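Visitor: One structure, pasted below without further comment.
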Amino acid sequence: MIEHRATHAALRALARVLLACLCIAATPAFPQQQAATRPRDPPSSFVAFAFHDVVDAAKELDDDGVTADRLVGFFDWLRGNGWTPVSLDDIARARRGERPLPARAVLLTFDDGYRSLYTRVYPLALAYGYPIVSALVGEWMNAPPGAMVRYGDRDVPREHFIDWNQAREMQRSGLVEFALHTQSLHGEAIGNPQGNTMPAAVTRSYTQGAGYQSEAAFVQALRADLEAGRALMQRELGRAPRALVWPYGRYNATGIRVARELGFEFALALDVGASYLADPMRIARYLPTYNPSLADLTRNLQPDPNGRRIDRLVCLDPEGLWRGDADASNEALGSAIERARVLGVTALIVDAVRRDAQGRLVAAWFPTSELPLAGDWLSRIAWQMRTRAGVKVYVRLPHRAALATLGDEARVQRLYADLGGMVPLDGWLLEDADAPASPMRFADPPPLYEHRPGIPPSRSAWVQRVRRQSMQAAPDSAANPDALGWQAFARLDSARPGLELVWLAPAGTSTPHPLADISLVPVAFDEALAEDRLAAIDPRMTYWFTGDVPPDAQALKRTALAYQTRGAVSIGWCPDDPSGDLPNAAIAAPGVSAAEFPLRR
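Mature numbering (1 follows the signal peptide of the UniProt record, and there is no 0) puts the sequence shown at residues -31 to -1, 1 to 570.
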């Protein structure tokens, strides 16, 4: 007990030193926000942050770390601007209706159990009285002193992380609660025949010769891992964790189900947006990267910025990159990746299937029980484009064509389940679907606090997601004009939560789909500069230039600039030929690139 009190006093002393050295009493360089009026109903949402390592000097930073002065400045700003850090106990009590959350509630979490959790974060928590949640990886904690721990793509000393004695001390303070970050799944697994490594907690692993792990084997392995982690923390800390933090923020419906069955009350990810008391198994968190400034940190306390997104979309047919031979196919894919970087596109719309002249599905670019395999190629394209070119991948798999081919809605659902389970996609293109009949009412989430003045609160991604969930909840209702399409999207979103919906509007459409993240309005390229078209530009729409052949690069650049001059924000085109570089990327890029200058290369 004497030793514990001495350590506790030493940490408080260290906190005072940190506060003095970092001058946290300095006035912020920008005006404080005015406190929002407390809503009439108790708050039902909060914001969460996912910090990692905390270091003293910028030269010690990794991608996810922050310097101590930034963290202290942020803590001080929270206190001075009416924000209240809350614990999981506070959230649990609010869920039970025992005590409401404060008007501006923020959950502070620190992942991976870095040593700085004890030497930097814990003293600050004591000084401020802020509760925090820390996520621990079981196998890292159990590594013996002097051992090396595999962390990402490198080995680091075991001493890089806290030990169980430090964890127990922090837990006794009442300010630190520990969550499970899995026992041994904070790493990657091989996810396709080409050897791409993907987050292990959501990937059915691929083994040469044996093929893909079955869904049943994947579920069994996930369950065994979480059970082992809970047992370890129960033994070392005297209590089983009630919160699960998904490695890399990746999760799916299967994982949520397993976690609930094992007794977890909360699950934390890295989704964008607010977190809701009604959905404790999908707590969204903002991940600070590259040591963000205080202005950036505080900006993310408002998870609904409603800022206009800038999209540059290009279609891609895997057939054009498929050579049959692995080396030749990868070479073609590599050239397409570099071209996407030069063009400055933000996303690709990639065909998931081969289709015949009548539009029927004849083969798939992903493993499925419902269609012949054209090649196990889509997963490779999606992962390489995302990680090397930094672009999103939206897949094109038309549900009505799938039904015409398969003849059975149950088979269509299995096709989409296979797509979601096998391919790391970012979104889906909804085709052949009219906009919902007007008027329609959707279930909007309550605002966290006041929206930015003058900007409608209806276009943000997290609002769209809640609206879509209300649509999917009653797929056979009269309000839903295309039940099969929404069921297909629900299948995909179950496997890859947080997917974006891209809607290809019928010709003549002038307003965006109320449930889509991106609404594409097709424009015949040879008529794209017609004055009546330019006069009717809506900045909420993405103008999708189409034709029989890829557009000429000079004409594309001229057209794109003309549309942007008249108010268009987002554009795209189809077809595109990456192998033939049509349109020529170097010529078109100055007019179409969404990259910051200089162009990404």
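Beta carbons are placed, not taken as given, at the ideal position from N, Cα and C, and that holds for glycine. Treat the numbers as computed from the prediction; the structure is a model and nothing was measured.
1) DSSP three-state call for residue 244: helix, strand or coil?
2) Inspect the beta-carbon positions of residue 465 and residue 549 and report whether they are closer than 8 Å.
3) Whole-angstrom Cβ separation of residue 344 and residue 291, contact assumed at under 8 Å?
4) Which residue marks the beginning of the beta strand (DSSP E) containing residue 511, and which one marks its end?
5) Can residue 57 and residue 212 be called in contact, C-beta distance under 8 Å?
6) In terms of alpha-carbon separation, which member of 546, 525 and 42 lies closest to residue 264?
7) What is the rounded straight-line gap between the Cα of residue 404 and the Cα of residue 470?
8) Please state whether the Cβ-Cβ distance between residue 77 and residue 15 is less than 8 Å.
9) Could you spell out where the alpha helix (DSSP H) holding residue 335 opens and where it closes?
10) So, helix, strand or coil for residue 562, using DSSP?
11) Going by DSSP, what residue range makes up the beta strand (DSSP E) through residue 112?
12) How long is the line joining the alpha carbons of residue 517 and residue 167, rounded to whole angstroms?
13) Could you give the residue range of the beta strand (DSSP E) that holds residue 345?
14) From residue 205 to residue 107, what does the alpha carbon distance come to, in whole angstroms?
15) Ignore the nearest five residues each way along the sequence and tell me which others in residue -11's own chain have a CB closer than 6 Å to its CB.
16) Compare the C-alpha of residue 282 against each of 490, 38, 52 and 34 and name the closest.
17) Just tell me which of 32, 46 and 453 has its CA closest to the CA of residue 268.
18) Using a Cβ-Cβ cut-off of 8 Å (strictly less than) and excluding sequence neighbours within five positions of residue 341, which residues of its own chain qualify?
19) Express the C-alpha separation of residue 306 and residue 555 in angstroms, rounding to a whole number.
20) Just the C-alpha distance for residue 40 and residue 103, rounded to the nearest angstrom, thanks.
21) Short of 6 Å in beta carbon distance, which residues of its chain neighbour residue 392, apart from the five on each side in sequence? Order them along the chain.
22) Can you look up residue 469 in the DSSP assignment and give me helix, strand or coil?
23) Which whole-angstrom value describes the C-beta separation of residue 237 and residue 370, a residue pair presumed to lie in contact below a C-beta threshold of 8 Å?
24) Can you tell me the Cα-Cα spacing of residue 509 and residue 310, whole angstroms?
25) Could you have a look at residue 171 and say whether DSSP puts it in helix, strand or coil?
26) Do the region 144 to 160 and the region 184 to 202 make contact, defined as three or more Cβ pairs closer than 8 Å?
27) Exposed or buried, what is residue 377 when buried is set at 16 or more other beta-carbons lying within 10 Å of its beta-carbon?
28) Between the C-alpha atoms of residue 171 and residue 363, what's the straight-line distance to the nearest angstrom?
29) Quick one: what does DSSP say residue 487 is sitting in, helix, strand or coil?
30) Determine the DSSP secondary structure at residue 166, reduced to helix, strand or coil.
31) Alpha carbon to alpha carbon, how far is residue 247 from residue 68?
32) Got a sec, what are the start and stop residues for the beta strand (DSSP E) residue 80 sits in?
33) For the beta strand (DSSP E) holding residue 14, just list the boundary residues, first then last.
34) Using only alpha-carbon positions, find the residue among 452, 141 and 359 that is nearest to residue 402.
35) On the DSSP bridge assignment, give the partners of residue 36 in chain order.
36) Just grab the DSSP bridge partners of residue 463 for me.
Guide: By the coordinates alone:
1) strand
2) no
3) 5 Å
4) 511 to 515
5) Yes, these two residues count as a Cβ contact at 8 Å.
6) 42
7) Rounded to the nearest angstrom, the two C-alpha atoms are 13 Å apart.
8) no
9) That residue, residue 335, is in no alpha helix (DSSP H); it is neither H nor E in DSSP.
10) Coil.
11) Counting along the chain, residue 112 sits inside no beta strand (DSSP E), nor does DSSP assign it H or E at all.
12) 37 Å
13) From DSSP, residue 345 is part of no beta strand (DSSP E); its letter is neither H nor E.
14) Here the alpha carbons of residue 107 and residue 205 stand approximately 10 Å from one another.
15) Note that residue -11 scores 47 on pLDDT, short of 50, meaning its location in the model is unreliable; the coordinates nonetheless yield the value given after this. Nothing listed; no residue qualifies.
16) 490
17) 46
18) 331, 332 and 333
19) 14 Å
20) 16 Å
21) 335, 347, 348 and 351
22) Residue 469 falls in the strand class under three-state DSSP.
23) About 38 Å separates the two Cβ atoms, so there is no contact after all.
24) Answer to the nearest angstrom: the Cα atoms are 25 Å apart.
25) helix
26) The region 144 to 160 makes contact with the region 184 to 202: 3 or more CB pairs, one atom from each, lie closer than 8 Å.
27) The residue is exposed, with fewer than 16 neighbouring Cβ atoms inside 10 Å.
28) 19 Å
29) strand
30) strand
31) 15 Å
32) 74 to 80
33) 14 to 20
34) 452
35) 24.
36) According to DSSP, residue 463 bridges with nothing at all.
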